[in-house]
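The working numbering puts the first residue of the sequence shown at 11, with every later residue one more than the last.
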Amino acid sequence: MKRRIVAAGMAAVMMLMALSGCGKSKDGGNSEAAASSKNYVYKVTDVNVDFGNDSIPTLFGKADTLMAYGYDYGKEGEMTVHFASLDENGDIIKKMALDIEDNVSINNPACDKEGNIYYVKDVYATEPDENDNYMDTYYLEKINMDGEQLFSICINELPDVQKQITENGGWLYMGSIMIYQDIIYAQIMDNICLFDQNGNYQKMIVTGDKENVVDVSNIYTLASGKVAGISWDDNGVNIGYVDMNTGTLTDTTKLPGYSYDYSIYPGNSKYELFLVNSIGLYGYNMGDTETQLLMNFVDSDIAGYSVYNVISINEDEFFAMYDAEDGNALGRFTKVPPSEVKDKKTLVLACNGIDYDVRNNIVKFNKNNDEYRITIQDYAALYNTEDDYQAGLNRLNADIVSGKIPDILVIDDNMPVESYVSKGLFEDLKPYIEKDEGLDINNFMPNILDAFSVDGKLYRLVPSYMISTLIAKTSLVGEERGWTIGEVNQLMSGMPAGTSFLPNMDRERMLLNCMTMAGNQFLDFDAGTCNFDSDAFIEMLEFLKQFPEQTDDTVYDDSYWESYDTMWRENRAIAMSYSLSGFKDYNYTKKGTFGEDITLIGFPSSNEDGSSIMPAMQLAMSSKSANKEGAWQFMRGYLTDEYQDEITYGFPVSIRALDAMGEKAMKVDTYIDENGNEVESPDYYYMNGVDVEIKPMTQEEVENLKQMLYTFNQVYTYDQELMNIISEESAAFFSGQKNARDVASIIQSRVQIYVNENR
């Protein structure tokens, strides 16, 4: 295997091992989600609030005065706003509709305990005022469920608001409204206006330079009758009770954990607030240092990352919007007693941030598999904080090294994968593929399997991939991919003055290209050796010095962008940094951007192989798993025809699916119009004010690209620590303080120590 550079300092991991023992975590109270169980399962029953259209309604109010609203757009663009009062089951009690003019919108509705509705009406400005400003006109309006308007107040005409408009240079914005103790609070710019329930203006709370100011949209009326609110600062989200006389928070505390991740809603009689993140829904009481997980999305077979518009019904039920398989849906969520949750063997999938594709497939697996169930440990969601975005990754690495290994691991670019493999922590997946009657190992790209194998053993499953490379005109660089720095310099010396090798490229990004596409020429992790003191690396440093420390933004004027689309066609730029993600992407770049044949030439390197395989996702199975068969049942799904055929971004590892993708690239895309007719939709490239049609690929072009894909064997590499070492030490060369050979020697020494510590 062309091994990727080790990605995380094991010294730091070893320091963290002491933190990975058992016991209650101090990470903000989300630790219970890491051991997700039957206690966090809810079932969802869809609620159908039918407004006679396909729109999903939005809820507002509370359980005892539950309301819904939605929009309906007619064929001519006319809009109707629908309102409905609902009972505690979500069934419609009464409906009402308002026809809205073209230049009007109805926003931010609220309701009182009698079921009257208040909302903001925004009348869009279609003509400038005397100061040439376009300022909308806002109204605060109240209606009942018979559609009778009870009042309409023009906000722009209020003297206090007119003063604010003047102070803001003729601009006005009206935000959310809320009702508290029979008073209407309306957000007007940075201030809050108060009205009684008859629409009589009371006063304006001017927030000015006050600290802990809260916006009306971030104020929550609690079941106790108290009012809570939030504000943001550089340290996270602050929460406290709201002084409704000043519009400020009192007795604030920081929300626990990674507080920016939460959506916040009024809670129930047990928990003052509901907090929602990508793991699930939590209960929280003011001043607590921990949150309490109530519902885990994946354990409840919900693929989405969140629920929205949450309204409590009782301690065990709530209404919410959620992401269903066919789009947004409105549901009633009910806690399932643990005794009613079916017993299954539980597998743990760990990750540092969960990919939607993985999450969705886990939910499908859990629904359809009667023997196994997968639970997710998302270390980023569990342990990251505002102060430490690497806390999750560090904790995951520490857990793995200490022997706390998940059944399935979604590999992060910053994980020391080679170290895990050398310690025997991963299972060889090749025998599983070979024994699987539903799979044929000969149907998978052999070079991709080999690139992610060690001594013939496949430790990482890669369902799809892209190619990270440089591309250039074949007429300039030849048909064969790969070139050296000497060949680049020779080509550039024959080009007109002002020709760019890579446009918009500074030194730091060139170094990143070098190490991610061609870093393997300087490091052999298998042997534990590196050669950063070689002539090849010294030549690389000298090459990088040709690029500016920073790009000159002044060159990016209108004329630059007007001629940008022809830059490569006219040879004003030679190469392009490129992630090859599909046949049509390649065809568009070749026939549009370059206008002629191109070569995937790669980054210049001594081994003339400056291109790399960039996996879209990587999965590994623990060699210590007690449920390897269950883990494989999930992982194999990524190799099936059903999954491989649906890959549209990146290349599938399946040869059969790759062939099908190539066949599709030889046809013009089509769509079905409003009359049911199939209509062709060609690709176009825009340049010089003209759309140039991009013809589909020919059979020969498809076959040539497919054969090229078989030749890549280096894995995309990224290592922040390695980049830091090279950047720190090479700065002395770029500034003229040291020569390249001396700097290379220092880099060699530091990197060798780094490699030795991380093997």
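No residue lacks a Cβ here, since even glycine has one placed at the ideal position from N, Cα and C.
Could you pull out every unbroken beta strand (DSSP E) segment of at least 3 residues lying fully inside the segment 462–529, listed in chain order?
Every unbroken stretch of the beta strand (DSSP E) spanning 3 or more residues and falling wholly within the segment 462–529 is given here in chain order: 474–483.
If we count the other Cβ atoms within 10 Å of its Cβ and call it buried at 16 or more, is I364 buried or exposed?
It is buried - the Cβ of I364 has at least 16 other Cβ atoms within 10 Å.
Is it true that the CB of K705 sits closer than 8 Å to the CB of E606?
Between E606 and K705, the gap from beta carbon to beta carbon reaches 8 Å or more.
On the criterion of 16 or more Cβ atoms from any shown chain inside 10 Å, does V130 qualify as buried, or is it exposed?
Result: buried.
Could you tell me the alpha carbon to alpha carbon distance between G62 and I103, rounded to whole angstroms?
The straight-line gap from Cα to Cα measures roughly 16 Å.
According to DSSP, is M305 helix, strand or coil?
Here M305 sits in strand by DSSP.
Can you tell me whether R769 is helix, strand or coil according to DSSP?
Three-state result, R769: coil.
Taking a contact to mean a Cβ-Cβ separation below 8 Å, would you say P473 touches Y648 in this structure?
Taking 8 Å as the Cβ cut-off, P473 and Y648 qualify as a contacting pair.
For T479, count the other beta carbons within 10 Å of its own beta carbon; 16 or more makes it buried, fewer makes it exposed. Which is it?
That one is buried.
Going by C-alpha to C-alpha distance, which of E690, I421, V226 and M296 sits closest to A233?
Minimum Cα-Cα distance from A233 among the listed residues E690, I421, V226 and M296 corresponds to M296.
Look up M27 in the DSSP assignment and say whether it is helix, strand or coil.
Because M27 sits at a pLDDT of 33, beneath the cut-off of 50, its placement in the model cannot be relied upon, and the point is left open.
For E518 and E559, what's the separation of their Cα atoms in angstroms?
For E518 and E559, the gap between their C-alpha atoms comes out near 7 Å.
Span of the alpha helix (DSSP H) holding N407?
Run containing N407: A401 to V411, per the alpha helix (DSSP H) assignment.
Determine, using beta carbons only, whether K345 and Y52 come nearer to each other than 8 Å.
Result yes, Cβ atoms of K345 and Y52 sit closer than 8 Å.
With a CB to CB cut of under 8 Å and the five nearest residues on each side skipped, what residues in its chain are close to V226?
The residues are G185, S186, I187, M188, Y195, A196, Q197 and I202.
Suppose the cutoff is 7 Å on Cβ atoms and the five residues either side in sequence are ignored; what does the same chain contact list for I384 look like?
The beta carbon of I384 sits closer than 7 Å to those of L357, L359, I372, F375, N376 and F644, all from its chain and outside the five residues before and after it, given in chain order.
How about the segment 285–301 and the segment 311–324: do they share at least three Cβ pairs that are nearer than 8 Å?
As far as the Cβ criterion goes, the segment 285–301 touches the segment 311–324, which means the pair count is three or higher.
I need the DSSP call for D192, collapsed to helix, strand or coil.
It is coil, neither helix nor strand.
Residue closest to L76, alpha-carbon to alpha-carbon, out of F329, K445 and M631:
When the alpha-carbon of L76 is set against those of F329, K445 and M631, the nearest one is in F329.
Report buried or exposed for I193, applying the criterion of at least 16 other Cβ atoms within 10 angstroms of its Cβ.
Classification of I193: exposed, given that the 10 Å Cβ count is below 16.
Completely contained beta strand (DSSP E) runs for the segment 67–125, where each covers 3 or more residues:
Fully contained in the segment 67–125 are the following beta strand (DSSP E) runs of length 3 or more, in chain order: 68–72, 75–83, 89–96, 102–110 and 114–121.
Inter-residue spacing [alpha-carbon to alpha-carbon] between A45 and Y389:
Summary for A45: the model assigns pLDDT 40, below 50, so the residue's position carries little reliability; its value from the coordinates is reported in the next sentence. If I take the Cα positions, the gap works out to 12 Å.
With three or more beta-carbon pairs closer than 8 Å as the criterion, would you say the segment 581–589 touches the segment 668–685?
No, the segment 581–589 does not touch the segment 668–685.
Run the CB neighbour count on M502, radius 10 Å, all protein chains shown included, and call it buried at 16 or more, exposed below.
With fewer than 16 Cβ atoms within 10 Å of its Cβ, M502 is classed as exposed.
Can you have a look at C361 and say buried or exposed, based on whether 16 or more other CB atoms are within 10 angstroms of its CB?
Buried.
Roughly how many angstroms lie between the CA atoms of N723 and T68, to the nearest whole one?
In this structure, the CA atom of N723 is about 51 Å from the CA atom of T68.
Spatial neighbours of G100 in its chain, beta-carbon cut-off 6 Å, leaving aside the 5 residues before and after
The answer, listed in chain order, is V57 and R342.
Per DSSP, what are the beta-bridge partners of N338 in this structure?
N338 pairs with D333.
If you run the structure through DSSP and keep just helix, strand and coil, what is V351?
V351: coil per DSSP, three-state reduction.
Excluding the five sequence neighbours on either side, which residues of its own chain have a C-beta within less than 8 Å of the C-beta of A613, listed in chain order?
Contrary to the premise, residue 613 reads as Phe rather than Ala in this sequence. In chain order, T479, L480, N523, C524, M527, A528, G620 and S621 place their CB closer than 8 Å to the CB of F613, counting only its own chain and leaving out the 5 sequence neighbours on each side.
Just the Cα atoms here: how many angstroms apart are S412 and Y430?
Rounded to the nearest angstrom, the two C-alpha atoms are 11 Å apart.
Kindly confirm or deny that the segment 645–664 and the segment 448–461 touch, where touching means at least three C-beta pairs closer than 8 Å.
Three or more Cβ pairs drawn from the segment 645–664 and the segment 448–461 lie within less than 8 Å of each other, which places the two stretches in contact.
Counterpart residues of W242 in DSSP-defined beta bridges
By DSSP's assignment, W242 forms a beta bridge with V247.
Can you pull the DSSP bridge partners for A583?
Beta-bridge pairing links A583 to S510.
In whole angstroms, what is the alpha-carbon distance linking Y653 and V317?
One C-alpha to the other measures close to 27 Å.
Cβ-based neighbour list, E489, same chain, cut-off 7 Å, excluding 5 preceding and 5 following
Only T609 meet the Cβ criterion.
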